[in-house]
Structures are given as structure tokens and as C-alpha cells.
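Working notes, beginning with the structure itself.
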Amino acid sequence: MRNTHQRTSLLAITFLLILPWPNTVRAEDQPDLLELPAKDWRMYGGHLKRNFANPTVNKLPDSWDISDGTNVAFSIQLGSRAYGGPVMSGGRILIGTNNEFPRDPSIDGDKGVMMCFSDRDGSFLWQIVHDKLAAGRVWDWPQQGICSTPCIEGDRFYYVGNRCEAICADINTGKIHWKLDMIGELNVFPHNIATCSPMIVGDTLFLVTSNGVDAAHLRVPSENKPSFLALSKKDGSVLWSSNLPGQSRRNIMHGQWSNPTYAQPDGEPQVIFPGGDGWIYSFSPKGDLLWKFDCNPKDAIYRLGGRGTANDFVGTPVIYKDKLFIAVGQDPEHDTGVGHLYCIDITKTPNRTDKDVSPTLATYEPEFNEQINPDSAQIWHYGGPVTDGKPSPTDETYYFGRSMSTCAIMDDILYITELGGHVHCLDANSGELYWTENMFANTWSSPCVADGKVFVGNDDGIMYVFKHGKDMELISEIEHEDGTKLRTTPVAANGRLYYMSESPTKLWAIEVETNSK
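Residues in the sequence shown are numbered consecutively from 20, following this note's numbering.
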């Protein structure tokens, strides 16, 4: 397969960065996927607000049986890991995986693979195969495949490959139109693996580069290089970039494995990035900083191996009714610990020149001093360590733990998981806790809300199905084979529930009154 690689020199990139770039997103325009379409699921979260909630899907089954095929339309064997997707458009499903079960016997060994299947029956259509980086696990962790969930627009789709390349390809053939090598051309240093699930707004592709620390976890080799990128969707040329996380006091703590989000409050576009320093940054589409918010207490400290209290992001910011919802977390190898969930007013215009809308401000020299920020955009906060007189709802030493979860919100009810296996249900407007449920196993999965139900999986291979509402009601528990893990987030679209399992690594398509046996 012939690949076209558009290259932009560093000199040209520097030139672009010092020029005012035309705003390709105007306030009077509504970009594609600002709201969830009636069919398909074309990006991580389904639309630009990244909310895993689908109010249009109905008749999803309350239960299914993978052993006898009841309510299972089909299942597909993937590699041994699959974290990218699923997304679907025009009858095609895209999934990022590895090469442990090769579709092409002539291609062997560890690879990153983007696979395409028919949405009708799960039949294999084509694949794009990427070699692993020679640097090994510091840049491209073994067996992880492609972790990016593609963004589909028309007959093109966009993703970040395991080689830290931004890629545009044809959904019908898998032909690559262009790719940008962020290591070779931008000197980005991805920690462990590049993972971002990009988004398109107008003519611009936005993504997080995964720039992070070195193999020893002691320094950021490329702290002056881009953390956030805006590219031309037509050819991959760099429109603008930002290295703000590498310039902050806390710096990039570990990796940068989250995704950008888009909002348009009062018709004013905002492109929102989660930084590896634990800050959320909002920009205009042409790269002007609008506001920033620190999602860690000012006295929080990051320590290697998860021993500290400062966190970054694995989950993705969600926009709901002009509010942003985000939880902090860490690499799951760091285990559980104190976490925080924030609700932020994205309509707030800061008066401060540094654009800081965090709840408090702090100085650290000659001694630590903290004060209330009059520009604070915090609406509510949930989490933190337990205090006297207010027990934890989960019997932990904190109210809410580190999370890999993206929020799912419907009817002003918010659902989120924490790594330790608890599901939390809150009032999205006030942060009031409605209920929690212990799944008794760790979870990487985010909840998905559709058809009056909440779907979420765990590391014991159990898919929990709750009734959507303020009162906890467990409808069913769908068990899988011993050793199976359900680590990705379910997707509800086109009358089906789609999710991926690990060990065995399969895509499951769940549909009422079907049987795959």
C-alpha cells in the first residue's frame, strides 16, 4: 500500500506559529458533531462534547448471554489488546488493536493495527499496519497496538498511531492520505505510547501529543515542545501548538493520555485540552488562551509510582449545558489514591492576565500561602480526603478515588467510575451524591447511558447494567469467560450496544432478538 507523507519543516512550523492564523471556526457556525447525530458514532464520546450518553437509541437488551449467543448480533476476534474505538459510520466499524491474531499471515510480530469491519455482520474489510518504534517501551509499549479512537468525517478518518503519528486515511480503502511524524518533525517525546483520540472542528484537527517524561521518570526531555496541536485536516500541516503544560510550575508529571474537547457557549468557540501538569486549558480555535483551571489542590505533590497526591488526566473533559466535567487520575499501575471530580463554568471570563480561574491562588516563596481566587470558575467539587464528621460513601480514606473515567450525563444525572471499582451517581448541577455501587474489581471503563440504562464493565469481566436514575437499581450482571477484562467504554449506536473485551479480545455487538450461534 502506497502511503503519502506530507512533511512540514521545523522552520516552516516556526514561521506558522508567529503568524496570526485565520480562525476556521466562526461563532455563527455550528461545527459537525457539536451534537450527537441520529445514527452512527464517529468519534470518542460520539460528538465534540465527548459525553457518553445517547438519547436516541432504544430497545437495547437488559441482558444477553455470550455463551449461547442470546441477544448477540456478532462477535469479532481482534488482537490481544484493543483500546481504540469502536467507532462507526456508513456501515463500517474502526478499531485500534495489535497483531497478535494476524489477518495477514505474511505480517508477523508486534504491530499497531487499525482494522475495519462491516457493521452488518462483522466481516473483516481491511487493515492498516504500523511497525513498532525501535525505542521500545519508553515510546511504544509492547503489545498495546493502537490506543487512539479515530474521528470520522465523510470518507476520511483521523487517528494517532503507535508511532506518535497523526494520520488521515480513507475509510473505504485504508489508503493513507497524509501523516505527521510528531517525534521526527516536532521533537515530541511520547511517554510509553501515543494515545490521543483527535477531534475535527471546521478545517482543523486538534489533538494532544502525549509528550511526557523520560524512561527514568525524572525529567521531561521535550518540555518546550508541543503538548497540544492544531493541524490542517487537509494535509496535516501545523496551524498552531502550545507547550503550556511543560512551562507550568508543576510541569508534565508523567504522560499526556487524554483528549481535547470542544464547546461553544453563547456561540463563542472553545477548544479545551487536559494537560499533563493537571491543568485544563481553554483556547480560541486560533490558539489564544481563554482560561486555565488547576484540578489539583495547591498543596498537592506528585511523587513517583503514585505515592503523591497530585494527579493528571486519563479521562476526557465532558461538556454539558455549558459546564465542563473532569476527573483526575493516574496511570493505573500507580493503583488507587485520592481523586477529585470538578464541575467548571466555561462561560467565565477571567480578569486576571494569566487567565487563571482555579478555585484558589497560591504563592510558594518564601512560604506557602493560599487564597480564594475571585475569578474562580468552579461550580462544585467532589472528592478529596475524608474529613471529620463526613464519612466516605465507599469506606475509603477519600470521597472519590483516582479515575480513568469520562463522565456520562443524561437528564442532569452524572455517572462516573473510579479505578477502585466504584460507580458514582451525582446531580450534575450541584454535585450532590445520589448513590454509589461497588463492582468489587478495578475498572478502566467509563459508563455509557442509553435507553434508560447505564452500562459499565470491570476487570472481572462483568458488564453491569443499572437503571438510569437517582435511585440505584441493578438490572443485570453479564458475565464473561474467566480471566476476561472489560476495560473500554461501551458505545450505544444504531440500535446496538458495542463493547470490547480483553482475554479473549473481541468486539461484541449486542442487539435485541438476535443470536450469533
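By construction, the Cβ of each residue, glycine as well, lies at the ideal position given by its N, Cα and C atoms. Quantities reported herein were computed from a predicted structural model and do not represent experimental measurements.
Separation of ARG139 from GLY110, as counted between CA atoms
7 Å
Can you check which of these residues, ASP285, LEU55, GLU204, is closest to ASP48 by C-alpha distance?
Ranking ASP285, LEU55, GLU204 by Cα distance to ASP48 puts ASP285 first.
With DSSP collapsed to three states, give me the class of VAL333.
coil
Are the beta-carbon atoms belonging to ASN477 and GLY439 less than 8 Å from one another?
No, the Cβ-Cβ distance between ASN477 and GLY439 is not below 8 Å.
Can you tell me where the alpha helix (DSSP H) with GLY265 in it begins and where it stops?
263 to 266
Check whether the region 392 to 400 and the region 465 to 485 are in contact - that is, three or more C-beta pairs closer than 8 Å.
no
Using only the alpha-carbon positions, how far apart do SER8 and LEU263 sit?
Here the chain has residues from 20 to 536 only, and residue 8 is not among them.
Do the CB positions of PRO369 and TRP463 come within less than 8 Å of each other?
no
I'd like to confirm the pairing. Which residues does DSSP put opposite ASN73 in its beta bridges?
DSSP, once it has assigned bridges, lists ALA469 as partnering ASN73.
Do THR75 and ALA101 have their C-beta atoms within less than 8 Å of each other?
no
If you draw a straight line from the C-alpha of CYS169 to the C-alpha of ASN206, how long is it?
The identity of residue 169 in the sequence shown is Pro, whereas the question assumes Cys. Rounded to whole angstroms, PRO169 to ASN206 spans 23 Å at the Cα level.
Integer-rounded CB distance, given that TYR383 should sit under 8 Å from GLY403
That belief does not hold up - the Cβ atoms of GLY403 and TYR383 are roughly 21 Å apart, past 8 Å.
Between the alpha carbons of ILE529 and GLU204, how many angstroms are there, rounded?
Their Cα atoms are separated by approximately 43 Å.
Go ahead and label PHE71 buried or exposed: buried means 16 or more other beta carbons lie within 10 angstroms of its beta carbon, across all protein chains shown.
buried
Is it the case that the Cβ atoms of PRO466 and ILE494 are separated by a distance below 8 Å?
no
According to DSSP, what are the bridge partners of THR382?
ASN388
Simplified DSSP assignment, three categories, for GLY203
coil
Could you tell me how far apart the beta carbons of LEU199 and LEU250 are, in whole angstroms, since I believe they sit closer than 8 Å?
Between LEU199 and LEU250 the beta-carbon gap is near 7 Å, inside 8 Å, which marks them as a contact.
Pick out whichever of HIS443, THR116, THR416 has its Cα sitting closest to the Cα of ASP407.
THR416
Counting only the same chain and skipping the five closest in sequence on each side, list residues whose C-beta sits under 7 Å from that of ASN448.
ASP431
At the level of alpha carbons, what is the spacing between ALA319 and PHE387?
12 Å
Simplified DSSP state of LEU323, which is helix, strand or coil
In the structure shown, LEU323 sits in a helix (DSSP, three-state: H, G or I).
Give me the Cβ distance between ASN117 and ASP129, rounded to the nearest whole Å; I'm assuming they're in contact under 8 Å.
Correct: roughly 7 Å between the Cβ atoms.
According to DSSP, ILE428 sits in a beta bridge with which residue or residues?
LEU433
Should SER411 be listed as close to the ligand FMN, given that the test is whether its C-beta is under 7 Å from any heavy atom?
This structure simply doesn't include the ligand FMN, nor any ligand for that matter.
For HIS443, which beta-bridge partners are listed by DSSP?
ILE435, THR455
With distance defined between alpha-carbon atoms, name the residue in PRO412, MET134, THR228 nearest to ASN191.
MET134
Compute the distance between the beta-carbons of PHE247 and PHE176, then report whether it is under 8 Å.
no
I need the boundaries of the beta strand (DSSP E) containing GLY286, first residue and last residue.
Per DSSP, GLY286 is not a residue of any beta strand (DSSP E), being assigned neither H nor E.
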